[in-house]
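Shown next, in structure tokens, is the structure this report addresses.
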Amino acid sequence: MASFTITPLTDHTGAEVVGIDFTQPVDSETKSTLNDAWAKYHVLVMRDQNFTPVEYKRAATVFGELQPHDKKEHHVPGHPDLYYVSNNEFKNGKRIIPGETFHTDHSNHPAPPKATMLYTVSLPSYGGDTQYVDMHAAYDDLDEAMKQRIAPLRARHVYQSKYSPRQLTGLNEDSARAMPPPGLHPLVRVHPENGRKALYLNPVRMESIDGMGDNEALALIGELMDHATQTKYEYRHQWRQGDWVIWDNRSVMHQANADYDMNERRYLFRLMLKGEVPIPVP
Ligand SMILES: [Fe+2]
554 MASFTITPLT DHTGAEVVGI DFTQPVDSET KSTLNDAWAK YHVLVMRDQN FTPVEYKRAA
614 TVFGELQPHD KKEHHVPGHP DLYYVSNNEF KNGKRIIPGE TFHTDHSNHP APPKATMLYT
674 VSLPSYGGDT QYVDMHAAYD DLDEAMKQRI APLRARHVYQ SKYSPRQLTG LNEDSARAMP
734 PPGLHPLVRV HPENGRKALY LNPVRMESID GMGDNEALAL IGELMDHATQ TKYEYRHQWR
794 QGDWVIWDNR SVMHQANADY DMNERRYLFR LMLKGEVPIP VP
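In the working numbering, the protein residues as written are 554 to 835.
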């Protein structure tokens, strides 16, 4: 393997990997260096990639095992296991921009995907950044009373919460049939690789907190979201052609931005990796 560099992009989240062509085999030492960096920085940006769908799927396995998407539609023609994100999707005549508020992916699953990744196929000439917030740092900064309060709490994550701040595109019959039961997840989870605690929140899918009235639950989630989405916890990724970005759904929330010219095409290949049942605080 040729020499490569890993450079942090902020002091908490995001690191840039330069000098690896992931269409070529990755040796085990490089693989473990990359996985260690990913556990530390939560978002890895691999620059200057040039993938076919098959090469992309193979490269993804450097970090784990592929996890199928909930939606059976929106896949790249000829590749039912490769999903895409596009700004050219409409529902009832209205353009749908997926991921427009902070969330973590597929948290309605009992064992949600540990990772999501995007590879740039086509980018607008400006805008369309993805924002990430560090849920470890956000947790660490909570006061002791709040940490005690939320440690035992569990939330029910459904496909789309009746309190979701945005509408998801619907599921077709096949997708709905394949949907797992809702996830019942701790509000604070322990990361199995870096050992750190993190807030685990997703207003799009969280419909209730066990043992709590809805008003109280919504107020608590709102307070934690206001805290966690402060700019000081953020890495904002400005996409470049050739970027392959992987993020850890156990460590960050993310959101998309619809601030670009919608006549321009924004199209990325999206894959996810299998995760584990979230580990609560001991
Ligand atoms: Fe997402």
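Ideal Cβ positions, reconstructed from N, Cα and C, are used throughout, including at glycine.
If you draw a straight line from the Cα of S728 to the Cα of K624, it comes to about 5 Å. In the DSSP assignment, G736 falls within the unbroken beta strand (DSSP E) covering 736-739.
Looking at the DSSP output, H622 bridges to nothing. The beta-carbon separation of R600 and R793, rounded to 7 Å, stays under the 8 Å limit for a contact. The beta carbon of H738 lies closer than 7 Å to those of S660, R707, A708, H710, Y753, P831 in the same chain, with the five residues before and after it left out. Every residue with a CB closer than 7 Å to a heavy atom of ligand 1 is listed here in chain order: P651, G652, H656, D658, T669, H807. If you compare the alpha carbons of N755, Y716, P735, A731 with that of D767, the shortest gap goes to Y716. Here Q684 is bridged, per DSSP, to R789, Q808. Counting of Cβ neighbours within 10 angstroms places A668 among the buried residues, the total reaching 16 or more.
Rounded to whole angstroms, the gap between the alpha carbons of L635 and T614 is 13 Å.
In this structure, the beta-carbon distance from R742 to P666 does not fall below 8 Å.
Residues of the same chain with a CB within less than 6 Å of the CB of V571, apart from the 5 flanking positions on each side, are T558, R600 in chain order. A direct Cα-Cα distance of roughly 12 Å separates A704 from I762. By the criterion of at least three beta-carbon pairs nearer than 8 Å, the stretch 587-604 is not in contact with the stretch 629-645.
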